[in-house]
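Only one structure is covered here, and it is reproduced in the block below.
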C-alpha cells in the first residue's frame, strides 16, 4: 500500500539535451516524485524512442515542436497503478491521464497555457470543455498556467503591486469544476514565485496545482522547490497527497425514478400487485396494517428490479449505438456517401436524447436546483453527484482524547459510540418534569377554531397540496 502520492510539476524549457535530461532524472529522484508533469519538453517522436532506453519510468507525451511547447507525464515504475485512458490535444499543450491508484480514479491533467492573453482566454475555455468531456475521476490539474491568480503572485514593481486579474475563462474553469489553488489554500499570505527573469526584475507564481475542493483534506503538503536545471527559469511545484483506499460502502438510499410511472408495462404490473392484495383483503381476519406494509414492500421490490433491468437495457443500447456510430464514421471517411451521413446524424440525435436523459437523472440525484440555459452536460452533473458522495465520506475524525483517526473501522466505532451515548436513555425524574410543566405560565394559547384545525383530520385537498409541493429530488 502506498503511503503518499507525490506529484511534481516543472517547466523544463526543453529537454532535448541528454546532459540536461540526466540532471532532470536526478531531480525527480531527489524529489521522490512518483508522478511528474513537465512542460515545454520539445520532444518529438524520434526522441521519444530514445527516452525509453534512458529510464525505466513510463512516459506519456503530447508533442509540440522541437523548439516549443510539448507536455509529458512521467510515472515512476514503482507506482502500482492502472492507466485507464489517455487524452491529448494536437498542439502539445494538454495531456490527461485517467488513472486508477488503489481503487481510486484520478484525472491527471498537465497543461502549458499560452503566453498571449487572448489565446490564453480561449485556451482555458477549451480546457474546461476538455475536462467535462474526458475527466472521470478526482481532478488534479497542474502545470504552467502563464497566469497569476492574485496580487500576491506578482513581484512588486517600484514598491507597488500590480492589480492582478486572471483571464475570465480560467476563473470560470475553476468555478465550473469546483477546483482550488491548493498551494495558496495552504499558504494564504505567503509570497513566493515559480518564475523569474535572470535579473529578477520580474517574477510571478504561474506554476501551480488546481485540485477538487473535496480532496483538500487528503492533501498533506504543497510547496515550491528549486529545480536547479540548466536553462529553465522556473521552479518546481510539489503536491503530496495522502493515499486513500476506497472503502466498501453500503447500498445507500434507493430513489424512485418517477418517469417510470408513465410506462404502460410498469403500471400494468403495479395494477396486478394491487389486485392480488385486494383478494387477500377479502379475508376479514387479515391485519390491514400488516397488509399495507406488505403491499408497499412488494411494490418497492418489483420497482427496484424493474429499474435495474431498465437501466441495464438502456446502457446496453447506448453502447451498441456508439459502436455502430464508430463503424459508420470510419466507413464514411473512406466513402463520403449521403446515405451513410444520414445514418450517422440519426444515431447522433438518438445518442443526444439518451445523454440528455442521463444528465437530467444525474441532476436530480445531485440535488442541483438549476440548469444553465441549454445545459446538457452529463459529466457536469455526474461530477456533482460524485462530489456529494465524496462530501458524505468521513476520512478524518477526532476521538475522545483529541487524536486524529483515519482508519475507517476506527472511525465507524467512534461514530457508533457517539450516537449510542447521544440516544441512550437517561434516568428521568417524572415529578420534576410535571412540576416544571405545571409551574410554566402559558401566555399564548390557540383559539377554539385554531385548536380544531390542528387536531382535526387531514383533508384530501391538504394531502394533494402537500404532495404536489414535494421536491422530486
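Numbering (full-length UniProt numbering), first residue to last: 1 to 473.
Even for Gly, the Cβ is constructed at its ideal location relative to N, Cα and C.
So residue i packs on residue j, CB below 8 Å; how close in whole Å?
{"i": "residue 179", "j": "residue 7", "result": "No, residue 179 and residue 7 are not in contact; Cβ-Cβ is about 15 Å, not under 8 Å."}
{"i": "residue 40", "j": "residue 11", "result": "5 Å"}
{"i": "residue 51", "j": "residue 79", "result": "In fact, because the Cβ distance is near 18 Å, the residues do not count as touching under 8 Å."}
{"i": "residue 211", "j": "residue 139", "result": "7 Å"}
{"i": "residue 105", "j": "residue 131", "result": "So it is not a contact: roughly 14 Å between Cβ atoms."}
{"i": "residue 291", "j": "residue 280", "result": "6 Å"}
{"i": "residue 404", "j": "residue 396", "result": "6 Å"}
{"i": "residue 62", "j": "residue 95", "result": "4 Å"}
{"i": "residue 243", "j": "residue 5", "result": "6 Å"}
{"i": "residue 277", "j": "residue 295", "result": "5 Å"}
{"i": "residue 454", "j": "residue 463", "result": "The pair is not a contact, with the Cβ atoms about 16 Å apart (cut-off 8 Å)."}
From the options, pick the residue whose C-alpha is nearest to that of residue i; which is it?
{"i": "residue 91", "options": "177, 224, 71 and 154", "result": "71"}
{"i": "residue 59", "options": "352, 46, 76 and 66", "result": "76"}
{"i": "residue 144", "options": "185, 204, 152 and 351", "result": "204"}
{"i": "residue 89", "options": "51, 326 and 129", "result": "129"}
{"i": "residue 423", "options": "264, 415 and 93", "result": "415"}
{"i": "residue 300", "options": "269, 279, 183 and 325", "result": "269"}
{"i": "residue 474", "options": "37, 27 and 19", "result": "Within the shown structure, residues of the chain are numbered from 1 to 473, placing residue 474 beyond reach of any answer."}
{"i": "residue 174", "options": "412, 142 and 197", "result": "142"}
{"i": "residue 117", "options": "74, 69, 111 and 166", "result": "166"}
{"i": "residue 107", "options": "119, 113, 134 and 120", "result": "134"}
{"i": "residue 66", "options": "47, 22 and 57", "result": "47"}
{"i": "residue 347", "options": "81, 4, 321 and 338", "result": "321"}
{"i": "residue 114", "options": "99, 272, 101 and 93", "result": "93"}
{"i": "residue 214", "options": "400, 202, 329 and 181", "result": "181"}
{"i": "residue 201", "options": "168, 172 and 154", "result": "154"}
{"i": "residue 56", "options": "468, 288, 330 and 28", "result": "28"}
{"i": "residue 350", "options": "318, 341 and 329", "result": "318"}
{"i": "residue 479", "options": "198, 257, 457 and 293", "result": "One cannot answer for residue 479 here, as it falls past the ends of the chain, which runs 1 to 473."}
{"i": "residue 241", "options": "216, 419 and 227", "result": "216"}
{"i": "residue 220", "options": "263, 458, 452 and 3", "result": "3"}
Determine the burial state of residue i: buried for a count of at least 16 other Cβ atoms within 10 Å of its Cβ, exposed for fewer.
{"i": "residue 237", "result": "buried"}
{"i": "residue 195", "result": "buried"}
{"i": "residue 232", "result": "buried"}
{"i": "residue 373", "result": "With a pLDDT of only 39 at residue 373, under the threshold of 50, the placement of this residue in the model should not be trusted; the figure read from the coordinates follows. Classification for residue 373: exposed."}
{"i": "residue 466", "result": "exposed"}
{"i": "residue 369", "result": "Note on residue 369: pLDDT 47, under 50, position unreliable in the model; the coordinate value appears next. The residue is exposed, with fewer than 16 neighbouring Cβ atoms inside 10 Å."}
{"i": "residue 193", "result": "buried"}
{"i": "residue 112", "result": "buried"}
{"i": "residue 315", "result": "exposed"}
{"i": "residue 289", "result": "exposed"}
{"i": "residue 218", "result": "buried"}
{"i": "residue 311", "result": "exposed"}
{"i": "residue 15", "result": "buried"}
{"i": "residue 431", "result": "exposed"}
{"i": "residue 437", "result": "exposed"}
{"i": "residue 101", "result": "buried"}
{"i": "residue 110", "result": "buried"}
{"i": "residue 456", "result": "exposed"}
{"i": "residue 21", "result": "buried"}
{"i": "residue 149", "result": "buried"}
Enumerate in chain order the residues of its own chain whose CB-to-CB distance from residue i is below 6 Å, with the five nearest sequence positions on each side excluded.
{"i": "residue 170", "result": "124 and 147"}
{"i": "residue 121", "result": "167 and 169"}
{"i": "residue 183", "result": "208 and 222"}
{"i": "residue 460", "result": "none"}
{"i": "residue 64", "result": "70 and 92"}
{"i": "residue 13", "result": "40, 231 and 232"}
Consider the Cβ of residue i: report whether some Cβ of chain B lies at a distance smaller than 7 Å.
{"i": "residue 150", "result": "Among the chains in the structure shown there is no chain B, since it carries only a single protein chain."}
Closer than 7 Å by C-beta to residue i: which residues in its own chain qualify, once you throw out the five before and the five after it? Chain order, please.
{"i": "residue 191", "result": "152"}
{"i": "residue 97", "result": "60, 73, 83, 86 and 108"}
{"i": "residue 411", "result": "394, 397 and 405"}
{"i": "residue 127", "result": "94, 111 and 173"}
{"i": "residue 298", "result": "273"}
Enumerate in chain order the residues of its own chain whose CB-to-CB distance from residue i is below 8 Å, with the five nearest sequence positions on each side excluded.
{"i": "residue 225", "result": "8, 31, 235, 236, 237 and 238"}
{"i": "residue 119", "result": "none"}
{"i": "residue 304", "result": "254"}
{"i": "residue 336", "result": "none"}
{"i": "residue 332", "result": "340, 341 and 344"}
{"i": "residue 266", "result": "260, 303 and 306"}
{"i": "residue 197", "result": "203 and 233"}
For the ligand ZN, any of its heavy atoms closer than 6 Å to the Cβ of residue i?
{"i": "residue 240", "result": "Absent from the structure shown: the ligand ZN. Ligands present: none."}
As an exercise, report each continuous alpha helix (DSSP H) stretch of at least 4 residues that is fully enclosed by the stretch 108-146, in chain order. Every alpha helix (DSSP H) stretch that sits fully inside the stretch 108-146 and reaches 4 residues is listed by chain position as 117-134.
Completely contained alpha helix (DSSP H) runs for the stretch 159-215, where each covers 4 or more residues: Restricting attention to alpha helix (DSSP H) runs no shorter than 4 residues, the stretch 159-215 encloses them at 168-176 and 182-186, ordered along the chain.
Please list the segments of the alpha helix (DSSP H) lying wholly inside the stretch 282-337, counting only runs of 4 or more residues, in order along the chain. For the stretch 282-337, whole alpha helix (DSSP H) runs of length 4 or above, ordered along the chain, are 288-334.
Complete beta strand (DSSP E) runs within the stretch 14-69 (minimum length 3 residues, chain order): List check, beta strand (DSSP E) in window: 35-39 and 58-62.
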